[in-house]
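J.:
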Amino acid sequence: MASPDELRQAIAQARSALEPAIAGSGSAWEVKPASGEDKDAWSPKEMARHVIGADWFFTNGIAQACGAPAMQRPEIDVETPERALASLQRIAAGNDKILKHVSEGDLSKSRELPIGTVTVEQMLTIMASHANEHAQQIRAASA
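FYI, in the numbering used here the residues of the sequence shown are 57 to 199.
#1: What number of angstroms, rounded off, separates the C-alpha of A142 from the C-alpha of A90?
#2: I'd like the list of long-range same chain contacts for L169, defined as Cβ closer than 6 Å, with 5 residues on each side in sequence excluded.
#3: What whole-angstrom Cβ distance do S185 and A84 have, given they're in contact under 8 Å?
#4: Quick check: the Cα distance between I67 and D94, rounded to an integer number of angstroms?
#5: Applying the 10 Å Cβ sphere with the 16-neighbour rule, what's the burial state of I78?
#6: Does the Cβ-Cβ distance between K101 and V134 come in under 7 Å?
#7: Is the beta carbon of I194 less than 7 Å from the beta carbon of M103?
#8: Identify whether R167 lies in helix, strand or coil by the three-state DSSP scheme.
#9: Quick one: what does DSSP say G82 is sitting in, helix, strand or coil?
So this is what it looks like as structure tokens:
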């Protein structure tokens, strides 16, 4: 089992991969792939909105699993890659103020989400892998 610090580090690294993917999307920002279904058919803009929202969604789930009240849903501006990047950085900074309080004892706490019952550890792990997955998709769509 990874420690809270290791999980936070993985999230930070994943966001660091996401930032240049968003910033480098350029003229492909609103271009949907010629083929694909579901999330594979999204433009970089749609992927950015989704992954930035998911960062907040899982942080909100973690906060509630640890006994805090629900967080206010943030505004996510993805009109341009620059605005999406600013939204990611602003929302991540706010989320980090919550995530820094997660302790070893919190990792086994759980919360019922639309995807099922998940532990804090699972949510932290998903946050990192999810951001990495979409960073890769945005880079591929922008190539």
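Cβ coordinates follow ideal geometry from the N, Cα and C atoms, glycine included.
T.: Concretely, from the data shown:
#1: Between A142 and A90, the alpha-carbon positions lie close to 28 Å from each other.
#2: Here the set comprises G117.
#3: 23 Å between Cβ atoms; not a contact.
#4: If you draw a straight line from the Cα of I67 to the Cα of D94, it comes to about 24 Å.
#5: By the Cβ neighbour-count rule, I78 is buried, with 16 or more other Cβ atoms within 10 Å of its own.
#6: Yes, they are a contact pair.
#7: Contact: yes.
#8: It is a strand residue.
#9: Judged by DSSP in its simplified three-state form, G82 adopts helix.
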